[in-house]
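J.:
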Amino acid sequence: MTQVKRRKVGKASAVTTSRFTMYSHPLGVRPLGNSLAASLDPSIQKKRIELMGLWHLLPDEIIMNILGMVEDPLDLMRLGHASRILYAYTYTEELWRNMYSRNPWELQEWKGSWRKTILGIDAEEEVTILCGQNLVCSDVLYRPFQCSQVSYAEIFQSLIAEQTQDRELFRLTDEHVSIQKGRITRVKDMSPTLFAAEFHDTPFICPSFDWPNWDLDYLKNRFPDVKFRQESAKWPLAVYAQYCRKNADESPLYLFDCSSEAMKVLRKEYAVPRFSQDDLFEVFNKQGIECRPDYAWIIIGPAGSGSTFHKDPNHTSAWNAALTGRKLWHMLPHDVVPPGVSTDREENEVTSPIGLAEWVVGGFFNDCVKLCEKGLCQIGITFPGECMYVPAGWWHSVINLDDSVALTQNFVPTPKLAHALNFLKNKPQQVSGFHGADVRKSVRHLLDTREIAENKRRTFENFLESKTSDNNEDCGVLTDFSLPVLELFEELLIANGLEAALTKAQLELAVLEKESRKNEPKEVKRNEVWDSLVEGASTGFSFGFGDEEED
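Numbering follows the UniProt record's numbering, with no gaps: position 80 of the sequence shown is 80.
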């Protein structure tokens with residue numbers, strides 16, 4: 001193998017963030033800390049009762065929960081007009097955004113905020129009603145506003161400067177790989193051979209000068225009326241472009257589209273990176289088979305948007321190419337739960353209860369930096385024209401430092417086949433993206449065109465005879481049957497001449513399963529005394545506590 005020159009930079013400079021600008025709320029709402037001064041002023045308390053009535057008895061969280069149940073926009077607006085304090089509560093953008101999410105409709109124009117857009121208020125018609133000094137001191141109202149004003153380019157300016165310098169110095173050297181502790185590795189040219197041998201299980205950034213020159217203005221002018229998916233919304237791109245230019249969201253909508261008419265065209269206009277051309281999931285779309293889960297997306301978002309920590313579906317790897325805008329990445333191995341994230345042992349339930357801004361403001365980014373110093377986390381920035389590789393099973397999050405456009409695809413390289421098989425076999429409840437009707441059609445085609453071993457044929461026939469509806473819901477939605485995804489994948493690999501790779505991966509799978517069993521919690525040894533007590537309880541034994549009559 002060719003000797004690869006490596007540039008080892010050593011320990012990265014310490015990058016933490018602990019200071020944030022305190023912004024003035026447009027209505028005069030103040031952080032909760034100011035309530036102490038307000039409580040010492042009887043006139044303020046009297047005024048609050050006068051303006052809120054019995055509402056003043058309720059905690060802020062309860063007030064917002066009640067307001068969140070209002071379905072009619074005009075009712076919410078009228079309630080806010082009852083007093084300047086209630087106006088401050090009903091002004092909160094999250095209320096209006098959730099109202100739209102519960103019953104979305106087609107938007108023709110974005111007016112700068114959810115409240116203005118839903119109520120049809122133009123900017124010049126808006127009348128700001130101030131709530132008055134210390135009348136409203138609430139973190140519930142102030143914190144989302146503060147988070148919506150966070151400038152990541154300012155907060156992470158030292159990290160941006162460090163990454164910019166490292167990128168430029170690396171570009172000017174003859175080294176092929178740049179390794180810096182706690183930072184994501186940069187590689188000048190990731191060949192398929194180097195990827196398979198050394199880099200399939202570690203994040204890296206590599207440059208590419210072949211990406212299309214697409215920005216939001218170009219795409220908007222080309223596809224103004226095409227509807228793209230942005231989380232819970234589906235708007236014409238011209239409307240989303242208005243949203244990107246001006247919104248007041250704590251977590252701005254992130255366009256993540258794979259199926260629009262525009263994306264069907266755009267997918268033919270770029271080539272995937274060389275290292276990702278080995279993609280075993282392609283067998284789900286070959287030789288008359290069409291049941292591959294969605295895997296190619298265009299991603300667009302304003303500065304401040306992004307993705308909270310997650311792992312990519314079905315234990316796939318991914319590449320993400322930044323066309324415009326810089327992206328800040330946080331990466332952790334599969335067995336290191338990210339700060340601010342909660343999960344059960346099997347990762348069936350993953351909870352990240354806060355948005356990106358709250359995650360940074362709350363100090364979790366600093367916790368990631370500490371993990372970097374221990375070698376348990378990697379941080380890096382992709383610049384326009386660079387491509388990020390996300391290994392299968394790695395936790396990752398991304399923050400858009402600028403308005404951005406990117407392309408991404410999920411894939412399964414041969415070195416990760418055993419892990420993909422392990423996921424499909426041992427975590428069937430987490431398999432996602434496969435559609436029932438497509439899988440059914442593919443299984444029928446396979447049975448009609450190939451000789452299949454008796455055990456698998458029986459599995460496929462039982463599936464076809466199952467009482468499931470012939471629909472195209474994701475398999476994660478259905479509960480009345482299990483799609484034979486593992487068996488189908490194995491048979492398709494054989495049908496496409498990849499039996500040797502499958503056999504090798506199955507041997508590796510046996511090792512993975514053996515290691516997994518070793519790491520399982522040992523069964524608790526039964527205690528005879530405890531068992532006798534439990535048995536006694538079932539026949540009336542009560543650990544000495546009397547029943548109701550004795551009481």
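Just so it is clear, CB atoms sit at the ideal spot from N, CA and C, and this is done for glycine as well.
Keep in mind that this is a model prediction, so the values were computed, not measured.
Which same chain residues, not among the five before or five after His25, have their C-beta less than 7 Å away from its C-beta?
T.: The residue given as residue 25 occupies position 25 in the sequence shown. Around His25: Tyr142 and Phe145.
J.: Buried or exposed: Gly497, going by 16 or more other Cβ atoms within 10 Å of its Cβ?
T.: Along the sequence shown, read from residue 1 onward, the residue named residue 497 stands at position 497. It is exposed - the Cβ of Gly497 has fewer than 16 other Cβ atoms within 10 Å.
J.: Suppose you measure from the CA of Cys244 to the CA of Phe309; what does that come to, to the nearest Å?
T.: The residue you call residue 244 lines up with position 244 of the sequence shown. The residue you call residue 309 lines up with position 309 of the sequence shown. So the two alpha carbons sit approximately 23 Å from each other.
J.: Determine the burial state of Gly380: buried for a count of at least 16 other Cβ atoms within 10 Å of its Cβ, exposed for fewer.
T.: As a working mapping, residue 380 is identified with position 380 in the sequence shown. Buried, because 16 or more other Cβ atoms sit within 10 Å of the Cβ of Gly380.
J.: Mapping DSSP to helix, strand and coil, what is Val9?
T.: Position 9 of the sequence shown, counted from the first residue, corresponds to residue 9. Strand at Val9.
J.: Measuring alpha carbon to alpha carbon, tell me which of Thr185, Glu61, Ala82 and Pro42 ends up nearest Lys8.
T.: For the purposes of this step, residue 8 is identified with residue 8 of the sequence shown, where counting begins at 1. Nearest C-alpha to Lys8: Thr185.
J.: Here's the rule: buried if 16 or more other CB atoms are within 10 angstroms of the residue's CB, otherwise exposed. What is Glu290?
T.: As a first step, residue 290 is located in the sequence shown; it is residue number 290 there, counting from the start. Glu290 is exposed by the Cβ-count criterion.
J.: With 16 as the cutoff for other CB atoms within 10 Å, does Phe209 come out buried or exposed?
T.: Translated into the one-based positions of the sequence shown, residue 209 becomes position 209. That one is exposed.
J.: Which residues mark the beginning and the end of the alpha helix (DSSP H) in which Leu158 is found?
T.: By 1-based counting over the sequence shown, the position of residue 158 is 158. Reading the sequence as shown, one finds Ser at residue 158 and not Leu. Note, Ser158: alpha helix (DSSP H), Gln157 to Leu172.
J.: One question on the structure: do Asn320 and Ala406 come within less than 8 Å of each other, judged by their Cβ atoms?
T.: Counting from 1 along the sequence shown, the entry for residue 320 is found at position 320. Counting from 1 along the sequence shown, the entry for residue 406 is found at position 406. The answer is yes: Cβ separation under 8 Å.
J.: Using the C-alpha atoms, what's the distance from Phe284 back to Leu493?
T.: Here residue 493 refers to the residue found at position 493 of the sequence shown. Here residue 284 refers to the residue found at position 284 of the sequence shown. Distance between the alpha carbons of Leu493 and Phe284 is about 9 Å.
J.: What is the DSSP secondary structure of Met77, counted as helix, strand or coil?
T.: Counting from 1 along the sequence shown, the entry for residue 77 is found at position 77. If DSSP states are grouped into helix, strand and coil, Met77 belongs with the helices.
J.: Measuring CA to CA, which of Arg345, Ser178, Asp438 and Leu424 is closest to Asn519?
T.: To locate residue 519, count along the sequence shown from 1; it is residue 519. Answer by Cα proximity: Arg345.
J.: Under 7 Å from any heavy atom of the ligand NAP, does the C-beta of Arg267 make it?
T.: This structure simply doesn't include the ligand NAP, nor any ligand for that matter.
J.: Quick one: what's got a C-beta closer than 7 Å to Ile85's C-beta in the same chain, skipping five residues either side?
T.: Looking up residue 85 in the sequence shown gives position 85. Counting only Cβ-Cβ distances below 7 Å, and skipping sequence neighbours, we find Arg48, Leu51, Met52, Cys131, Leu135 and Val136.
J.: For the 8 Å Cβ check, are there 3 or more pairs between the stretch 310-317 and the stretch 245-258?
T.: Too few Cβ pairs lie closer than 8 Å, so no.
J.: Quick check: Leu401 and Gly325, are their CB atoms within less than 8 Å of each other?
T.: To locate residue 401, count along the sequence shown from 1; it is residue 401. To locate residue 325, count along the sequence shown from 1; it is residue 325. Closer than 8 Å, so yes.
J.: Quick one: using the 10 Å Cβ neighbour count with 16 as the cut-off for buried, is Lys416 buried or exposed?
T.: Counting from one through the sequence shown, the residue named residue 416 turns up at place 416. The residue in question, Lys416, is buried, as its Cβ has 16 or more Cβ neighbours within 10 Å.
J.: Closest to Val265 by CA distance: which of Ser178, Ala296, Pro391 and Leu67 is it?
T.: Residue numbering aside, residue 265 sits at position 265 when the sequence shown is read from its first letter. Nearest C-alpha to Val265: Ala296.
J.: What do you get for Thr90, buried or exposed, if any count of 16 or more other CB atoms within 10 angstroms of its CB means buried?
T.: Counting from one through the sequence shown, the residue named residue 90 turns up at place 90. Thr90 should be labelled buried.
J.: Taking only three categories from DSSP, how would you classify residue 607?
T.: Beyond the ends of the chain as shown, which are 1 and 551, falls residue 607; an answer cannot be given.
J.: Among all the DSSP beta bridges, which residues are the ones paired with Ala248?
T.: As a working note, residue 248 is residue 248 in the sequence shown. Ala248 is not bridged to any residue.
J.: CB Glu94 to CB Ser113, shorter than 8 Å?
T.: Taking the first residue of the sequence shown as position 1, residue 94 is located at position 94. Taking the first residue of the sequence shown as position 1, residue 113 is located at position 113. Not a contact, by the Cβ cut-off of 8 Å.
J.: From Arg458 to Glu465, what does the alpha carbon distance come to, in whole angstroms?
T.: The residue given as residue 458 occupies position 458 in the sequence shown. The residue given as residue 465 occupies position 465 in the sequence shown. Rounded to whole angstroms, Arg458 to Glu465 spans 10 Å at the Cα level.
J.: Which two residues bound the contiguous beta strand (DSSP E) that contains Tyr389?
T.: In the sequence shown, counting from the first residue as 1, residue 389 sits at position 389. Glu386 to Val390 is the extent of the beta strand (DSSP E) around Tyr389.
J.: In this structure, does DSSP put Pro207 in helix, strand or coil?
T.: Working through the sequence shown from its first residue, we reach residue 207 at position 207. If DSSP states are grouped into helix, strand and coil, Pro207 belongs with the strands.
J.: Alpha carbon to alpha carbon, how far is Asp480 from Phe463?
T.: Position 480 of the sequence shown, counted from the start, is the residue given in the question as residue 480. Position 463 of the sequence shown, counted from the start, is the residue given in the question as residue 463. Note that Asp480 scores 45 on pLDDT, short of 50, meaning its location in the model is unreliable; the coordinates nonetheless yield the value given after this. If I take the Cα positions, the gap works out to 11 Å.
J.: Assign Lys181 to one of three DSSP states: helix, strand, or coil.
T.: Here residue 181 corresponds to residue number 181 of the sequence shown, with the count starting at 1. Reduced to three states, the DSSP call for Lys181 is strand.
J.: Runs of 4 residues minimum, wholly inside the stretch 400-441: which ones carry the alpha helix (DSSP H) assignment?
T.: As far as the stretch 400-441 is concerned, its whole alpha helix (DSSP H) runs of at least 4 residues are 417-426.
J.: Glu491 and Lys456 - do their beta-carbons sit closer together than 8 Å?
T.: Position 456 of the sequence shown holds residue 456. Position 491 of the sequence shown holds residue 491. Yes, Cβ-Cβ distance for Lys456 and Glu491 is below 8 Å.
J.: Go ahead and pull the three-state DSSP assignment for Thr117.
T.: On the sequence shown, position 117 is the one that residue 117 refers to. Thr117 falls in the helix class under three-state DSSP.
J.: Does DSSP put Ser24 in a helix, a strand or coil?
T.: On the sequence shown, residue 24 is found 24 positions in, with the first residue counted as 1. Reduced to three states, the DSSP call for Ser24 is coil.
J.: In the DSSP assignment, find the alpha helix (DSSP H) that holds Asp139 and state where it starts and stops.
T.: Position 139 of the sequence shown, counting from 1, holds the residue named residue 139. Segment Asp139 to Ser148, the alpha helix (DSSP H) holding Asp139.
J.: Note the first and the last residue of the continuous beta strand (DSSP E) segment covering Ile300.
T.: Residue 300 sits at position 300 when you count from the first residue of the sequence shown. Ile300 -> beta strand (DSSP E) spans Ala296 to Gly301.
J.: Specify the secondary structure class of Met69 as computed by DSSP and reduced to three states.
T.: Counted from its first residue, the sequence shown places residue 69 at position 69. Looking at Met69 - three-state DSSP - the assignment turns out to be coil, as it is neither helix nor strand.
J.: CB-CB under 6 Å to Arg97, same chain, minus the five flanking residues each way: which ones, in chain order?
T.: Within the sequence shown, the letter at position 97 stands for residue 97. The answer, listed in chain order, is Trp114.
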